[in-house]
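Asks:
Chains as they are written, first to last, in this note's numbering: chain A, -6 to 107; chain B, 872 to 983.
1. What do you reckon, are the CB atoms on residue 898 of chain B and residue 944 of chain B nearer than 8 angstroms?
2. Suppose the cutoff is 7 angstroms on Cβ atoms and the five residues either side in sequence are ignored; what does the same chain contact list for residue 51 of chain A look like?
3. In the DSSP assignment, find the unbroken beta strand (DSSP E) run with residue 15 of chain A in it and report its ends.
4. For chain B, check one thing: does any of its Cβ atoms lie closer than 8 angstroms to the Cβ of residue 100 of chain A?
5. Using beta carbons (cut-off 8 angstroms, strictly below), is residue 881 of chain B in contact with chain A?
6. When we look at the beta-carbon of residue 68 of chain A and count the other beta-carbons within 10 Å, is it buried (16 or more) or exposed?
7. Cα separation between residue 110 of chain A and residue 80 of chain A?
8. So which residues of chain B does residue 95 of chain A contact, with C-beta pairs closer than 7 angstroms?
9. May I ask you to verify whether the segment 17 to 25 of chain A touches the segment 55 to 70 of chain A, counting CB pairs closer than 8 angstroms and requiring at least 3?
10. Does the CB of residue 40 of chain A have a neighbour CB from chain B at under 8 angstroms?
11. Kindly indicate if chain A contains any beta-carbon less than 8 angstroms away from that of residue 908 of chain B.
12. When the Cα atoms are used, what is the spatial distance from residue 952 of chain B to residue 62 of chain A?
13. Quick check on residue 51 of chain A: does DSSP put it in helix, strand or coil?
14. Please classify residue 930 of chain B as buried or exposed, where buried requires at least 16 other C-beta atoms within 10 Å of its C-beta.
15. Out of curiosity, what's the CA-to-CA distance linking residue 996 of chain B and residue -6 of chain A?
16. State yes or no: is the beta carbon of residue 930 of chain B nearer than 8 angstroms to at least one beta carbon in chain A?
17. Could you check where the beta strand (DSSP E) with residue 102 of chain A kicks off and where it finishes?
Structure, rendered in structure tokens:
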């Protein structure tokens, strides 16, 4: 069976500090990978998605970046955090195929920028 | 106008009630429809996945899609306090990127 991990689970960072969130998937290969942000009481905002190693598409201009150094590893980074970067960050994976398949989410990372 | 509209609630019902959750959408290219349940401070978990129009049943849950009206529903029978969560609808088309477009979620409270 497939599992998806995210860490850390909770993070409190000062404004201007760097960020690195990691997501790894087990039990599948060559998945599509996604980073979402969810503000309190809001829906999911797609930040980045990746269809393969080194292939990153950005959905929203911001001071965040993403990288996929390995097939089942997806990293979200920032050089300098802003207050507005606070939120719940979710990673998701999806099988490739002729049809759009569902996405499976990780447990999330709650980021608070002070 | 948002691509997917969902009433944020909260929706409060007594235990045992039938719950109806809904989303409307504007993009006629959407063909895949999903419902996720999200407990507080947790990642969303998939409840139902349907393709095109029609009904799908799984235990106490029934998903309905009406593409002509651009309207989808999730029904929960015999609701339980453990069903208290936020329910997110999500959908996608068949071409291009396969990312999902989400509704903002409806918060459901089932009172014991």
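Positions of the beta carbon are idealized from the N, C-alpha and C atoms, including for glycine.
Replies: The short version:
1. No. Outside cutoff.
2. If we look at residue 51 of chain A and ignore the five residues flanking it on each side, its Cβ neighbours are 41.
3. Looking at the DSSP string, the run of the beta strand (DSSP E) that includes residue 15 of chain A is 12 to 19.
4. For residue 100 of chain A, the nearest CB of chain B lies under 8 angstroms from its own CB, placing it at the interface with that chain.
5. Closer than 8 angstroms: no.
6. Residue 68 of chain A should be labelled buried.
7. The structure shown does not extend to residue 110 of chain A, since chain A spans only -6 to 107, so no value can be given for it.
8. The answer, in chain order, is 905, 917 and 920.
9. The segment 17 to 25 of chain A is in contact with the segment 55 to 70 of chain A.
10. Not an interface residue.
11. Chain A places no beta carbon closer than 8 angstroms to that of residue 908 of chain B, leaving this residue out of the contacts.
12. Whole-angstrom Cα-Cα distance: 43 angstroms.
13. Looking at residue 51 of chain A - three-state DSSP - the assignment turns out to be strand.
14. Exposed, since its Cβ has fewer than 16 Cβ neighbours within 10 Å.
15. Residue numbering for chain B in the displayed model covers 872 to 983; residue 996 of chain B lies beyond these limits and cannot be assessed.
16. By this cut-off, residue 930 of chain B is not an interface position.
17. In the DSSP assignment, residue 102 of chain A falls within the unbroken beta strand (DSSP E) covering 102 to 106.
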